[in-house]
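Below is one structure, written out as structure tokens; comments come after it.
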Amino acid sequence: MSSSSSSEFTDEGASSPIPSFSSSGISLSTISPALGVPSSPTASTPDYLDYDTKGRGIMTTMFANTGLSYMLGTLGGGIYGLNEGLKHTPNHRFRVKLNSILNHCSRHGSRVGNTVGVMSIFYSLYQELADKCEIDSYTAPLGIEEPGPALAAIFTGVTFKAQAGPRVAALAGSIGLASVGVTYGVYSAMGIPHHTNGFLFF
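The sequence shown runs 6 to 207 under our numbering.
Here you go:
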């Protein structure tokens, strides 16, 4: 019995026609995107969900980078301010110590948070500019497939320290480039794909 049933079965694969469900009251237009057929007789192509292959827009990316950077910068500056407040308190009375801690935390936390937030805005704008100009099409023959994060980090440092003079601006750009290089080196050593976390160059 098993041999006769296997001989009658033929696998038609993708060429098999879609069965008609009209007799059972099932309309193909309700499930047409899954089957790859038009949803209506007037439609010439199947209906599919739109998918943005370019990922998030510049505004979404900039707000996400800035918000997370500001939060991390404020947290890091607040921890540093806590340490400074404990070390530089005038005396050991509780109220004086608490006041010293709050002053140092607010001062360092807001300063670091604002600095990192502004730098993340510059970075997001420069990276979007590099993507719009398709810099990778020019650097691909040189073996550099993703120049956007490195260029954005360089120009972010240069722009942020432009008023301090060309030497300081160049040093800030070099620090930005080194940050991207170290991050990519660590990711390569750990086997993690580059720039997959959706936050700056991480």
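Ideal Cβ positions, reconstructed from N, Cα and C, are used throughout, including at glycine.
Just so we're clear, the structure is a prediction, and the values are computed from it rather than from any experiment.
Across the structure, residue 115 and residue 184 are spaced so that their CA atoms are roughly 23 Å apart. Judged by DSSP in its simplified three-state form, residue 133 adopts helix. Between the alpha carbons of residue 140 and residue 107 lies a gap of roughly 46 Å. Taking all protein chains in view, the Cβ of residue 159 is crowded by 16 or more other Cβ atoms within 10 Å, so the residue is classified as buried. Per DSSP, residue 73 is one residue of the alpha helix (DSSP H) stretching across 63-92.
Listed in chain order, the non-local C-beta contacts of residue 73 below 7 Å within the same chain comprise 204, local neighbours out to five positions each way being set aside. Taking a 10 Å sphere around the C-beta of residue 90, we find 16 or more other C-beta atoms and assign the residue as buried.
Selection 88, 138, 79 and 84 evaluated against residue 123 yields 79 as nearest (Cα-Cα).
Annotation for residue 205: no alpha helix (DSSP H) segment contains it, and DSSP assigns it neither H nor E. Secondary structure of residue 138 (DSSP, three-state): coil. Residue 67 is not a Cβ neighbour of residue 147, given a cutoff of 8 Å.
The residue among 65, 191, 97 and 175 with its C-alpha nearest the C-alpha of residue 156 is 175.
Counting along the chain, residue 156 sits inside the alpha helix (DSSP H) bounded by residues 153-165.
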